[in-house]
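J.:
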Amino acid sequence: MDVLPEFRLHRPTTVAEALAARGQGAEARYIAGGTDLLANVRRGLTPASALIDLSAIAELRQIERDAAGLHIGAGVTLAEIAEDAAIAADYPALSQAAASVAAPAHREAGTIGGNLCLDTRCYFYNQSDWWRQSNDFCLKYRGEICHVVPTSKRCYAAYSGDTAPALMALGAEIDVAGPDGGRRLDLADLFNDDGIDYLTLAPGELVSAIHLPPAGGRSGYEKLRIRRSIDFPLAGVAVWLEMDGDKVAALRIALTGTNARPLVVEGTDVAIGQTLDDDSVATLGKLVQKQISPVHTTTTQPQYRRRAVTALSGRLLRRLAAT
Ligand SMILES: Cc1cc2nc3c(=O)[nH]c(=O)nc-3n(C[C@H](O)[C@H](O)[C@H](O)COP(=O)(O)OP(=O)(O)OC[C@H]3O[C@@H](n4cnc5c(N)ncnc54)[C@H](O)[C@@H]3O)c2cc1C
Ligand code: SF4
0 MDVLPEFRLH RPTTVAEALA ARGQGAEARY IAGGTDLLAN VRRGLTPASA LIDLSAIAEL
60 RQIERDAAGL HIGAGVTLAE IAEDAAIAAD YPALSQAAAS VAAPAHREAG TIGGNLCLDT
120 RCYFYNQSDW WRQSNDFCLK YRGEICHVVP TSKRCYAAYS GDTAPALMAL GAEIDVAGPD
180 GGRRLDLADL FNDDGIDYLT LAPGELVSAI HLPPAGGRSG YEKLRIRRSI DFPLAGVAVW
240 LEMDGDKVAA LRIALTGTNA RPLVVEGTDV AIGQTLDDDS VATLGKLVQK QISPVHTTTT
300 QPQYRRRAVT ALSGRLLRRL AAT
């Protein structure tokens, strides 16, 4: 990695000041914990003439609970979420996902907003400048072709954040603040199925808060990674489940690491009214298999990730049904 290039640092104390600072330059970037962004700046992947540090904005650092549910400021750290006993009790999938991100030092600095907005990843992209240059770069940045799917004109870099699928399974919405005002959207609508243009945020917009509905049901997160101590997910599965006796009353399954965006598996209503036995788990596994498209963006074989994510889903569903 290279040393950091020179940049101007802004340290706003309100969202309005942050938006105003961001408006001042095309290469201005928001920075929260910096655990994703700074590595990308040092690798020459993300030009940044100005960094707008969000960490001094008190309104982004709150966790609040009311009758409408749980509200988490985008600047709350992953460690704060993972260590919150009430979140662990009410929203286990989120707690487990936050605790599985990187290593303790990353979680102390890394925020939930930064985790949602982190860049997509690919073996041919997350490399030093000289490594990428020796391969003629690639479509995602400065190159002409995709080395993973050379016939394609799109990028398949994988979305690899851990908390997005957990939040999506739990039914999260987010607040976005921007120069033209604020809006609330389903978290799933933050993401594009495109490894280059992976977020739907307009220039200058930032995520300010995450909202979860009142606690209910059972949930969990399972992650496949090479090093258990610290690693991005090769695949991650979050499940939210409500049971009526031994029958499924409601179910959402969400995935990360397999596509350019995190996704909620479609068609899981087929399990409503069923027990989670081998047949229904196999049916849900087929839905998962059909909707993921892992390609060779990591050193691990796509076929292995495909089979492993299906097995992880089944294991998690059985674990939750037995809880
Ligand atoms: C060795 C290593 C291992 C890692 N392992 C994992 C892992 O297992 N799982 C995982 O999910 N991540 C992993 N990460 C990535 C990173 O640590 C986390 O995703 C972290 O949560 C990022 O949060 P941050 O606050 O540091 O984001 P930053 O690095 O500050 O920002 C990340 C991106 O989000 C943007 N951004 C930040 N906040 C906002 C906001 N409020 N609104 C709009 N845009 C915003 C920034 O401009 C930047 O583009 C790892 C990183 C490293 C270095
Ligand atoms: S999927 Fe292709 S275009 Fe995208 S980062 Fe990898 S090699 Fe580059």
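Going by numbering that gives the first Met the number 0, the sequence shown opens with residue 0, and the numbers climb by one from there.
Every residue, glycine too, gets a C-beta built ideally from N, C-alpha and C.
In this text the structure is predicted, and so the values were computed from the model without any measurement.
(1) What I want to know is whether the C-beta of Asp161 ends up closer than 7 angstroms to one or more non-hydrogen atoms of ligand 4.
(2) Return yes when at least one heavy atom of ligand 1 lies under 7 angstroms from the C-beta of Cys116, else no.
(3) Within its chain, find whatever has a CB closer than 7 angstroms to the CB of Tyr122; leave out the 5 residues flanking it on each side and keep chain order.
(4) Between Lys246 and Ala97, what straight-line distance do the alpha-carbon atoms span, to the nearest angstrom?
(5) What are the partner residues of Met242, as DSSP defines its beta bridges?
(6) For Val2, verify whether its CB is less than 7 angstroms away from any heavy atom of ligand 1.
(7) In this structure, does DSSP put Arg183 in helix, strand or coil?
(8) Have a look at Asp188, Thr34 and Leu233 and flag the residue whose alpha-carbon is nearest the alpha-carbon of Ala108.
(9) Can you find at least 3 beta carbon pairs, one from the stretch 230-248 and one from the stretch 135-147, that sit closer than 8 angstroms?
(10) From Ile56, Val280, Ala87 and Asp161, pick the residue whose C-alpha is nearest to that of Arg224; which is it?
(11) Would you tell me roughly how many angstroms separate the C-alpha atoms of Ala88 and Ser133, rounded to the nearest one?
(12) List the endpoints of the continuous beta strand (DSSP E) containing Ala176.
(13) Can you tell which of Val147, Gly215 and Thr255 has its C-alpha closest to the C-alpha of Leu69?
(14) Checking the sheet assignment: what are the DSSP bridge partners for Lys222?
T.: Reading off the structure:
(1) For ligand 4, the structure offers nothing, since it holds only ligand 1 and ligand 2.
(2) yes
(3) Thr296, Thr297 and Thr298, listed in sequence order.
(4) 29 angstroms
(5) Per DSSP, Val247.
(6) False, no ligand heavy atom lies under 7 angstroms from that Cβ.
(7) strand
(8) Thr34
(9) no
(10) Asp161
(11) 50 angstroms
(12) Glu172 to Gly177
(13) Nearest neighbour of Leu69 by Cα position, chosen from Val147, Gly215 and Thr255, turns out to be Gly215.
(14) Gly235
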